[in-house]
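In the numbering used here, the protein residues as written are 13 to 123. Quick reminder that beta carbons are idealized off the backbone N, C-alpha and C, glycines included. Values in this document were obtained by computation on a predicted structure and should not be read as measured data.
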């Protein structure tokens, strides 16, 4: 897994907020078997307020996520049912950190 490298794509990083989040990994029961983390509602509410007007028209928000030694650019996706956001986890992240569905993890989001 390539670690995140600061560069021109994230020039406004100094205006970002950092969130330290503890959450459980879960496996979507669809055919692709994606793994996700659902953000706690308090953090989701803060992120929604901080990014007002910045989300795409589908509601996704660009972030830099860190779990352990792995840092990558990704997006949070709205979960209207839970009034939160979902963070998709790539297989490469799971493998690099030795984590799986059901594990409670600490992650950092730069939003």
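Reduced DSSP category for residue i - H, G, I as helix; E, B as strand; rest coil
i	result
residue 65	coil
residue 111	coil
residue 74	strand
residue 35	strand
residue 134	Examination of residue 134 is not possible in this model, given that the chain is present from 13 through 123 alone.
residue 30	strand
residue 51	coil
residue 116	strand
Length of the line joining the Cα atoms of residue i and residue j
i	j	result
residue 41	residue 50	15 angstroms
residue 160	residue 46	Absent from the structure is residue 160, since the part of the chain shown begins at 13 and ends at 123.
residue 122	residue 43	30 angstroms
residue 116	residue 65	31 angstroms
residue 72	residue 107	25 angstroms
residue 97	residue 110	23 angstroms
residue 33	residue 61	17 angstroms
residue 79	residue 120	7 angstroms
residue 29	residue 89	18 angstroms
residue 68	residue 74	9 angstroms
residue 37	residue 48	6 angstroms
residue 77	residue 63	16 angstroms
Bridge-paired residues (DSSP) for residue i
i	result
residue 85	76
Limits of the unbroken beta strand (DSSP E) element including residue i
i	result
residue 100	96 to 101
| request: Check whether the region 54 to 66 touches the region 76 to 84, taking contact to mean three or more Cβ pairs, one atom from each stretch, closer than 8 angstroms. | output: no
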